[in-house]
Amino acid sequence: MENDVLWLSGYRKEQPELIDFQGKTVVLQGLDAWIQQDAEKMDSDSIRKRWKEIMADWRIWEKERDEHNCIVIGSDISKGIVPMEARDRRWRDACGWVFQDVASISRRVDIIWYGINQRIK
Numbered sequence: 419m420e421n422d423v424l425w426l427s428g429y430r431k432e433q434p435e436l437i438d439f440q441g442k443t444v445v446l447q448g449l450d451a452w453i454q455q456d457a458e459k460m461d462s463d464s465i466r467k468r469w470k471e472i473m474a475d476w477r478i479w480e481k482e483r484d485e486h487n488c489i490v491i492g493s494d495i496s497k498g499i500v501p502m503e504a505r506d507r508r509w510r511d512a513c514g515w516v517f518q519d520v521a522s523i524s525r526r527v528d529i530i531w532y533g534i535n536q537r538i539k
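Residue 489 in my numbering is what sits at position 71 of the sequence shown, and the numbering runs on without skipping anything.
Here it is as structure tokens:
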């Protein structure tokens, strides 16, 4: 079973790009952390473009076989006070745009809040 799942984490600073994986399920955890790393060195449009390309590659991988699934996990950072630092605002804005882009190409989207999921797509 463990060879059937590839778990890549932005919190561990692993690379999210497509690799040659023959298993069934890929989990991309920490989308917000990857975007935060990108916000250190990229503008918002470049971040969004990069993630559209990454997700398009994983979407192609998903379509290769019926049993392929790519699960994307990110933490919602859009609540609360807007950050004062430009880099932090860029990170927050880019997260919102990238999350919307990912949701738009996903077959299923769930929000999990306090351990309770709500399917929104």
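Think of the CB as a built atom: it goes at the ideal place given N, C-alpha and C, for glycine as much as any other residue. Just so it is clear, the structure is predicted and the values come from calculations on it, not from any experiment.
Taking just the CA atoms, how far does residue j sit from residue i?
{"i": "Met460", "j": "Val423", "result": "30 Å"}
{"i": "His486", "j": "Arg477", "result": "9 Å"}
{"i": "Asp484", "j": "Gly498", "result": "40 Å"}
{"i": "Asp519", "j": "Lys470", "result": "7 Å"}
{"i": "Val445", "j": "Lys481", "result": "16 Å"}
{"i": "Cys513", "j": "Phe439", "result": "26 Å"}
Take residue i as the anchor and find which of the options has the nearest alpha-carbon.
{"i": "Ile465", "options": "Ser522, Ile530, Val527 and Asp511", "result": "Asp511"}
{"i": "Ser427", "options": "Ala451, Arg526 and Phe517", "result": "Ala451"}
{"i": "Glu432", "options": "Asp494, Ile453 and Val527", "result": "Ile453"}
Cβ of residue i within 8 Å of Cβ of residue j?
{"i": "Ile491", "j": "Gly533", "result": "no"}
{"i": "Ile538", "j": "Ile529", "result": "yes"}
Given that a residue counts as buried once 16 or more other Cβ atoms are within 10 Å of its Cβ, and exposed if not, what is residue i?
{"i": "Glu503", "result": "exposed"}
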